[in-house]
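Chains as they are written, first to last, in the working numbering: chain A, 1 to 346; chain B, 347 to 692; chain C, 693 to 1038.
Here it is, written out as structure tokens:
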């Protein structure tokens, strides 16, 4: 089921440089690829492997120098390579189609056409799963859950009551959607739980990684927009809103009621306090702690986070801080000896 | 099943200001509430919505200005609102009562009166579940586990052997209680596992969020006191002790054998090293890293964490650090030119 | 089934000091141990309990002063104590042996001799579990998974297709192995998922804690070496490699394609960016953020992480930073008044 390189080129809109007749049957990393395999270089760190790779073909940017005998040129080689992977690797499910006899599906639930519901999965009352979904084994779906078309819900995912999920969304193993938010009122006799009566809404074409927690809203929804990509072990508290196309990297924590704009990037282990607004197109660097609103388009880092230029200036100063102490000491000595040298004021 | 506002007022000890005869059937956030709904303002950020809200009634502090026609006044509006939610929203289980036929319950286990044990849940030998518990589907309960009355154990929770849980405690989806602690002895041939023979004890009225990990003690117990509230994705290592009424926010990590006092607040993503003691009433700000004992009542922040006043003073200095470098450079120039201007020492 | 102290001494290569005939039947922490119990002191913080402990015997380093009547002396008391625990506490499974009737095991899967496969566990097609494994209830094993001899897979663990695991490896509850890595190509129409066609390889004698996420490689493997110990809630991204004997503490996050050498220690909540190399024997202190390669043997800390000596020097300066501002202000005053005192330049 291999493809000729020129066929791949045509499918993904790339230009062949060299031999378009090599046959490609799979893909591999540039440093380990062999005959019949295609690879790519998009990060300059890996360009050194270009001269020695045994890959039959490589996908490169027009500017990337290489004497490889079979190159696909594209102005976004990573994107072209992604499309090639889709051609070479079909989704072949290893799960038997249909509803597994050990799945526990409520009589008032509905499952659409061409769905798989895996072994030992639970689907609660009045929940609806649209067509073409793959619900893996051991998933928990509570009551009144709506799941759109073409979704993939991986093993061990827990989707609590009232969650709404759009089309073509994937949720990876062990993630919990719709657990109670962390809401308590302190009073003189102790700590009173605020009943969490809200829900979670997730858009279409969203991907959520493994072992995340997305809490239901306290009163209204927690909302994840369309095309949002969330990595593993991310915490999204109650009433958070995340705009379309935002990217949330692993171990980020977003506190309650914070609003994230569109196309925001929160790098790994970032934390945000509650009740703030992060504008469209903002980037927050890894491990930063955001304590205030950020205007659209800004880049922030540090804990507490500052605007990038300011944070970098401070970082640079820190490296020279021990030296600054020395310089101040020298100044103090100089000034002291100056004062000794000077005639006393009359 | 609505309530008159004056009935709600009486139930929660609030004072009606305006029309006590409006009928309330549900609750909603101040910005989206409509007719028949009650809302509240406890955070000044949301007070702006007071003039435009379509809520039929609002719960406010005595000092909060508002011309709303139907107000409940209370000195702790968030607490009053929490009690109103309990009145308006009853717990209605969507799980069938009793033991689900697909649950795997050991013959030597016991389950009390008025309990639900969900589908596909496992209850191991010699485990005892007291009255009025809801054990959701797909829970794992190992051997010799004790669960008190009125507990809620959500889907996918894993409770390993020998765990003891008090009354009215809730554990949310995917949390793992009683996995082995992280204990190894290094030796010249490698790394030797220390068998973890302890257990976990959890008090009453505790709530633990989703996808947390609470490890069993190495030899003795890991102990979580009464009324402790733990958010999602929190790590509690072996032999940790947490005092009553403490609040542990999302993604906190507490290392082995550390003792947390009563009414402590650890904000999000805080890390604590092992073998330290945190006094009663301590607050640690988000993302802080605590490396030493903290005396009762103190507030700490930073990584490494310092007392609040000191940490804030340093933070303020950091913002002015680039400027300080400039000032020192200016001083150096001034002193140098002084020295040039001065007559040479004789 | 107790042992005489001198029998234990012989088994673990320790020297008896005092009464070797005391009978030991269990172990306990030094502060709570009683008659019939053995304890140990390896951390000086706990030495104060030595004089008051009711333990029948204690394991101590040769240099540790104590007048206890029954001491086992060893140059690595923690290691000796670990071996004593193995003698006193046998692994007694509370799971029925064999394949539980509610387990869903593919016809094309194989399970070796002397294995337990717990209730409600799923084993997919063409997966092979070697001899002497304990697979707990509610585990998900996908297709074409290889699990070596003597492994323990705890409840709720999710092992996705194509994962390879060596001998004597343990994976704790809720951990997800082989979910898709976080790989997307941005393009002008949005965000394109890079199909994750790689896999995960885990060595022998590895232990992985609860609720971790170890992603499959994008094209090739994500690799965890032999004797690696990983704590709870750790994130290991696609194509990461971790060398033998490395120790990864709780809540660490390792970004894609980063290579960790042998015997590396990453303390709690450390984050590493992608595509870097951490040399053998490196230690990274808790909460550090590593943004660059680290040479073998170095110790780093801080966010961003610096070499230990430099980071400590900066830390020390920070404490004195408010004072430095005062000193600079004093200097400015002194220089200004100097300039006033001086005769004007002619």
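Heads up, the beta-carbon is just placed ideally off N, CA and C, and yes, glycines get one too.
- For residue 868 of chain C, there are no neighbours in chain B by C-beta distance under 7 Å, as the nearest C-beta there is about 10 Å away.
- Taking each of C/894, C/706 and C/828 in turn and checking the Cα distance to residue 856 of chain C, the smallest one comes out for C/894.
- Residue state for residue 621 of chain B is assigned as coil, using DSSP reduced to three classes.
- Ranked by how close their Cα comes to the Cα of residue 712 of chain C, the residues C/743, C/718, C/749 and C/736 have C/749 in first place.
- Closest by C-alpha distance to residue 735 of chain C, out of C/1008, C/878, C/928 and C/768, is C/768.
- Distance from the CA of residue 186 of chain A to the CA of residue 672 of chain B, rounded to the nearest whole angstrom, comes to 48 Å.
- The alpha carbon of residue 951 of chain C has as its nearest neighbour, out of C/891, C/865, C/960 and C/938, the alpha carbon of C/938.
- Within the same chain, Cβ atoms closer than 6 Å to the Cβ of residue 262 of chain A are found at 243, 244, 245 and 280, the five residues on either side in sequence being excluded.
- When C-beta atoms of the stretch 439-454 of chain B are compared with those of the stretch 369-388 of chain B, fewer than three pairs fall below 8 Å, so the two segments do not count as touching.
- The stretch 472-479 of chain B makes no contact with the stretch 128-135 of chain A, as fewer than three CB pairs between them are under 8 Å.
- For residue 492 of chain B, the closest of B/632, B/571, B/457 and B/614 by C-alpha to C-alpha distance is B/457.
- Legend: CB atoms of the stretch 378-390 of chain B lying less than 7 Å from CB atoms of chain A belong to residues 378 and 389.
- Of all alpha-carbon atoms in A/83, A/123 and A/148, the one lying nearest the alpha-carbon of residue 142 of chain A is that of A/123.
- One alpha carbon belongs to residue 602 of chain B, the other to residue 210 of chain A, and they sit about 26 Å apart.
- Below the 7 Å Cβ cutoff, chain B contributes no neighbours of residue 280 of chain A, its closest Cβ being approximately 20 Å away.
- By the criterion of at least three beta-carbon pairs nearer than 8 Å, the stretch 999-1010 of chain C is not in contact with the stretch 291-303 of chain A.
- If you draw a 10 Å sphere on the C-beta of residue 418 of chain B, you find 16 or more other C-beta atoms in it, and that means buried.
- Between the stretch 535-554 of chain B and the stretch 502-517 of chain B there are three or more inter-stretch CB-CB distances shorter than 8 Å, so the stretches are counted as touching.
- At a beta-carbon threshold of 8 Å, the residues of chain B lying near residue 327 of chain A are 674 and 678, ordered along the chain.
- Boundaries cannot be given for residue 724 of chain C, as no beta strand (DSSP E) includes it and DSSP labels it neither H nor E.
- The DSSP-derived three-state label of residue 579 of chain B is coil.
- In this structure, residue 595 of chain B and residue 583 of chain B do not form a Cβ contact; the two beta carbons are roughly 17 Å apart against a cut-off of 8 Å.
- Contact annotation for residue 760 of chain C against chain B: no contact, minimum CB-CB distance about 18 Å [criterion: below 8 Å].
- For residue 993 of chain C, the nearest beta carbon of chain A is not closer than 7 Å to its own beta carbon.
- Shown in chain order are the members of the stretch 914-942 of chain C whose Cβ falls below 8 Å from a Cβ of chain A: 925, 927, 929 and 931.
- When Cβ pairs closer than 8 Å are counted between the two stretches, the stretch 533-546 of chain B is seen not to touch the stretch 868-877 of chain C, the count staying below three.
- Taking a contact as a CB-CB distance under 8 Å, the pair residue 581 of chain B and residue 924 of chain C counts as one, their CB atoms being some 5 Å apart.
- When the Cα atoms are used, residue 963 of chain C and residue 854 of chain C turn out to be separated by approximately 27 Å.
- Membership of residue 224 of chain A in the beta strand (DSSP E) is indicated by the continuous run 221-224.
- Shown here, residue 360 of chain B sits in coil according to DSSP, grouped into three states, outside any helix or strand.
- The beta carbon of residue 197 of chain A sits closer than 7 Å to those of 219, all from its chain and outside the five residues before and after it, given in chain order.
- The CB of residue 502 of chain B comes closer than 9 Å to the CB of 830, 848 and 866 in chain C, given here in chain order.
- For secondary structure counted as the alpha helix (DSSP H) over 4 or more consecutive residues, the stretch 762-848 of chain C holds these complete runs in sequence order: 769-780.
- Within chain B, no residue has its CB atom less than 8 Å from the CB of residue 263 of chain A, the nearest being about 24 Å off.
- Around the CB of residue 907 of chain C, 16 or more other CB atoms lie within 10 Å, so the residue is classed as buried.
- Close to chain B, meaning a Cβ-Cβ distance shorter than 7 Å, are the following residues of the stretch 93-118 of chain A: 104.
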